[in-house]
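Engineer: Here the sequence shown is numbered in numbering that gives the first Met the number 0, starting from 0 and rising by one per residue. All C-beta atoms, glycine included, are put in the ideal place defined by N, C-alpha and C.
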Amino acid sequence: MEAAGGGAAAGGIALHDFSGQLGEQRVHFHAMRLRDSLFLWVGAAPALASLAVAMCSPRDSIPVAASLLGDPSDTASSCLAQRLASKTKKQIFVSYNLQNTDSNFTLLIENRIKEEMTAFPDKF
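1. With DSSP run on the structure shown, which of helix, strand or coil describes Asn110?
2. For Ser66, report the span of its beta strand (DSSP E) as first-last.
3. My guess is that Val93 and Leu107 are in contact by the Cβ rule of under 8 Å, so how many angstroms apart are they, rounded?
4. The beta strand (DSSP E) that contains Arg25, what's its start and end?
5. Hey, Cys55 and Pro62: beta-carbon distance below 8 Å or not?
6. Under the rule that 16 or more other beta-carbon atoms within 10 Å means buried, what is Asn96, buried or exposed?
7. So with Cβ pairs under 8 Å, would you call Asp121 a contact of chain B?
8. Look up Gln90 in the DSSP assignment and say whether it is helix, strand or coil.
9. Confirm, please, whether the CB-CB distance from Leu39 to Ala30 is below 8 Å.
10. DSSP three-state call for Gln20: helix, strand or coil?
11. Gly19 to Thr87, Cα distance in whole Å?
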């Protein structure tokens with residue numbers, strides 16, 4: 000697993016790039032921490048095929064999510080955004096750009112992100 004990233008830039012923005020070999024696929028991650036939110040891109044090649052947002056709501060225990068870009072029937076981005084919003088209590092934007100949306104594979108993706116969040120909490 001590799002990690003690289005820039006520090007906090009002007010305005011409290013922090014960038015963090017990392018990657019990992021998950022199963023047989025090399026997956027790249029790009030995280031951009033903003034003041035009260037996080038943008039997370041997940042993919043194997045440069046693309047922005049989907050984008051979803053999720054945030055906690057005082058009226059519901061499950062974060063609300065919406066698909067902003069891409070096929071609305073593809074729920075990988077919104078599901079991941081919901082789980083991360085629940086963990087971080089932040090507004091989370093997720094762009095999941097992998098063909099594999101198998102639940103076991105997405106769990107590997109989520110665990111890799113959580114590993115990185117634990118190792119570099121200031122980046123998230």
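Structural biologist: On the basis of the supplied data:
1. What you label residue 110 is simply residue 111 of the sequence shown in a count that begins at 1. Three-state DSSP puts Asn110 in a helix.
2. Counting from 1 along the sequence shown, the entry for residue 66 is found at position 67. 59-68 is the span of the beta strand (DSSP E), which, as asked, contains Ser66.
3. On the sequence shown, residue 93 is found 94 positions in, with the first residue counted as 1. On the sequence shown, residue 107 is found 108 positions in, with the first residue counted as 1. Not confirmed; about 15 Å, so no contact.
4. Start at 1 with the first residue of the sequence shown, and residue 25 comes out as number 26. Arg25 -> beta strand (DSSP E) spans 24-32.
5. As a first step, residue 55 is located in the sequence shown; it is residue number 56 there, counting from the start. As a first step, residue 62 is located in the sequence shown; it is residue number 63 there, counting from the start. Closer than 8 Å, so yes.
6. In the sequence shown, residue 96 corresponds to position 97, counting from 1. Buried, since its Cβ has 16 or more Cβ neighbours within 10 Å.
7. Looking for chain B here will not work: only one protein chain is present.
8. The residue labelled residue 90 in the question sits at position 91 within the sequence shown. Strand, per DSSP.
9. For the purposes of this step, residue 30 is taken as residue 31 along the sequence shown, with counting starting at 1. For the purposes of this step, residue 39 is taken as residue 40 along the sequence shown, with counting starting at 1. Yes. Within cutoff.
10. As a working note, residue 20 is residue 21 in the sequence shown. Residue state, collapsed to three classes: strand.
11. Along the sequence shown, one-based indexing puts residue 19 at 20. Along the sequence shown, one-based indexing puts residue 87 at 88. In a straight line, the C-alpha of Gly19 is about 22 Å away from that of Thr87.
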